[in-house]
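S.K.:
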Ligand code: ADP
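Numbering (this note's numbering), first residue to last: 16 to 319.
1. Suppose you measure from the CA of residue 258 to the CA of residue 250; what does that come to, to the nearest Å?
2. Excluding five sequence neighbours on each side, which residues of the same chain lie with their C-beta closer than 6 Å to the C-beta of residue 185?
3. Report the option in 152, 141, 103, 211 whose CA atom is closest to the CA atom of residue 331.
4. In chain order, which beta strand (DSSP E) runs of at least 3 residues are fully inside the stretch 151-187?
5. How about the stretch 171-189 and the stretch 199-217: do they share at least three Cβ pairs that are nearer than 8 Å?
6. What do you get for residue 128, buried or exposed, if any count of 16 or more other CB atoms within 10 angstroms of its CB means buried?
7. With the cut-off set at 8 Å, would you say residue 190 and residue 285 are in Cβ contact?
8. Quick check: is any heavy atom of the ligand ADP less than 7 Å from the C-beta of residue 194?
9. Spatial neighbours of residue 268 within its chain, please: CB distance less than 8 Å, with the 5 preceding and 5 following residues excluded, ordered by chain position.
10. Could you spell out where the beta strand (DSSP E) holding residue 116 opens and where it closes?
11. Where does residue 261 sit, in a helix, a strand or coil, going by DSSP?
12. Note the first and the last residue of the continuous alpha helix (DSSP H) segment covering residue 138.
13. Please work out which residues of its chain come closer than 6 Å, Cβ to Cβ, to residue 197, disregarding the five sequence neighbours upstream and downstream, and give them in chain order.
14. Classify residue 53: buried if its beta carbon has 16 or more other beta carbons within 10 angstroms, exposed otherwise.
15. Does the contact criterion of 3 or more C-beta pairs under 8 Å hold for the stretch 100-111 versus the stretch 150-158?
16. Below 8 Å on the Cβ atoms is my guess for residue 262 versus residue 302; work out the distance and round it to an integer in Å.
17. When DSSP builds the beta bridges, which residues end up paired with residue 237?
18. Would you say the beta carbon of residue 40 comes nearer than 7 Å to a heavy atom of the ligand ADP?
19. Candidates 244, 172, 200, 199: which alpha carbon is nearest residue 192's?
20. Just checking, does the stretch 235-249 make contact with the stretch 215-223 on the three C-beta pairs under 8 Å criterion?
21. Do you know how far the Cα of residue 89 is from the Cα of residue 332?
22. Comparing the CB of residue 187 with every heavy atom of the ligand ADP, is any distance shorter than 7 Å?
23. Please look up how many angstroms separate the CB atoms of residue 115 and residue 40, rounded, as I've assumed it's under 8 Å.
24. Just the C-alpha distance for residue 233 and residue 87, rounded to the nearest angstrom, thanks.
25. What separation, rounded to the nearest whole angstrom, lies between the Cα atoms of residue 229 and residue 201?
26. Identify which residue in 299, 177, 126, 305 has its Cα closest to the Cα of residue 105.
Below, the structure is given as structure tokens:
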């Protein structure tokens with residue numbers, strides 16, 4: 016309730032600087048009278064799924080904005096552990112747009128003393144999806160806060176995760192590009208289990224050395240570990256949902272709830288499929304090439 020009420024307040028006091036995306040999200044939240052505290056794990060037929068998206072599109076759609084006149088609005092799709100965070104964050108530095116990971120927003124909330132914390136912890140630690148209501152509330156707040164600091168554009172990571180979320184997003188703004196990162200499933204599990212986070216600086220590392228041989232026509236893949244620097248080495252923690260059982264549940268839920276997003280965006284001509292050829296040293300230059308951004312990086316490093 017508190018989050019929804021705060022959003023409502025913010026929407027009333029939002030200044031002319033506030034851009035269309037967060038305004039539209041906010042007005043979507045208030046028009047549906049979302050109550051964050053009463054929402055729980057993802058329900059395949061939530062209340063909002065009963066009315067067609069067009070009912071709020073017509074009310075809340077921002078004026079169309081020419082993508083040339085604003086920063087990029089991209090989405091990263093991909094299974095748990097594929098590296099969405101790593102590549103989305105590198106691109107966000109390169110392009111000067113915020114990297115917004117809904118998983119991070121959820122973890123911040125569950126580590127807080129807010130009313131949702133214990134409920135969220137239970138859902139996330141079982142690998143289940145949080146309800147659309149909660150996610151949209153968290154995302155609206157994050158967009159509002161960013162816009163107040165002068166941010167524009169975004170690279171979304173972890174949102175949308177269901178067709179319903181994609182329809183909501185489509186109703187409030189135009190997405191320019193959706194990058195779908197792909198990696199063999201054996202590598203995904205090993206990467207999640209090897210993931211370590213520095214409890215002090217938040218840096219992401221990986222202790223797994225992935226070396227999968229080519230078989231049945233599938234390519235082999237080698238990914239070197241990403242060790243922490245000495246100052247982080249004794250401060251490493253694991254995410255509570257990075258256990259074998261929970262990663263397997265997350266992968267299953269991804270296949271069921273999020274995989275259909277590939278077709279959703281493919282049919283709109285927005286999907287860029289990118290199969291990771293290896294670790295960061297092999298994949299980053301290839302990703303820049305696929306995005307036509309090689310020159311961008313060269314210019315930026317020359318200017319630095
Ligand atoms: P993953 O490594 O599985 O991609 P994330 O860090 O993106 O994980 O998200 C962690 C958890 O936060 C998810 O398992 C889910 O419980 C919740 N979450 C994040 N984004 C969403 C979303 N868009 N919809 C529903 N739940 C979400």
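Note that CB positions come from ideal geometry on N, CA and C, so glycine has one too. What you are looking at is a predicted structure, and each value in this text was computed from that prediction instead of being measured.
M.R.: Quick answer:
1. Near 19 Å, if we compare the C-alpha coordinates of residue 250 and residue 258.
2. Excluding sequence neighbours, residue 185 sits near nothing in its chain.
3. Outside the shown range of the chain, which is 16 to 319, sits residue 331, and nothing can be said about it.
4. List check, beta strand (DSSP E) in window: 169-172.
5. Between the stretch 171-189 and the stretch 199-217 there are fewer than three C-beta pairs closer than 8 Å, too few to call the two in contact.
6. By the neighbour-count rule (16 or more Cβ atoms within 10 Å), residue 128 is not buried but exposed.
7. Cβ distance < 8 Å, so residue 190 and residue 285 count as in contact.
8. No - the ligand ADP has no heavy atom lying nearer than 7 Å to the Cβ of residue 194.
9. Here residue 268 has 142, 143, 144 as same chain residues with Cβ atoms under 8 Å from its own Cβ, once five neighbours each way along the sequence are excluded.
10. Under the DSSP assignment, residue 116 falls in the beta strand (DSSP E) whose first and last residues are 114-116.
11. The answer is helix: DSSP assigns residue 261 an H, G or I state.
12. Residue 138 -> alpha helix (DSSP H) spans 132-139.
13. Around residue 197: 290.
14. Residue placement at residue 53 is poorly supported in this model, since its pLDDT is 37, which falls under 50; the coordinates still yield a value, given next. So residue 53 ends up on the exposed side.
15. Segment contact: the stretch 100-111 against the stretch 150-158, fewer than three CB-CB distances shorter than 8 Å; contact not assigned.
16. Contact flag wrong, Cβ pair sits at about 24 Å.
17. Looking at the DSSP assignment, residue 237 forms a beta bridge with 226.
18. Because no heavy atom of the ligand ADP lies under 7 Å away, the Cβ of residue 40 does not count as near it: no.
19. Selected option, being the one with the closest Cα: 172.
20. Touching, per the Cβ criterion.
21. The structure shown does not extend to residue 332, since the chain spans only 16 to 319, so no value can be given for it.
22. Every heavy atom of the ligand ADP is 7 Å or more from the Cβ of residue 187, so no.
23. Cβ atoms of residue 115 and residue 40 stay farther apart than 8 Å, at about 12 Å.
24. When rounded, the distance between both Cα atoms is 34 Å.
25. Cα-Cα distance, rounded: 12 Å.
26. Comparing Cα-Cα distances from residue 105 to each of 299, 177, 126, 305, the minimum goes to 299.
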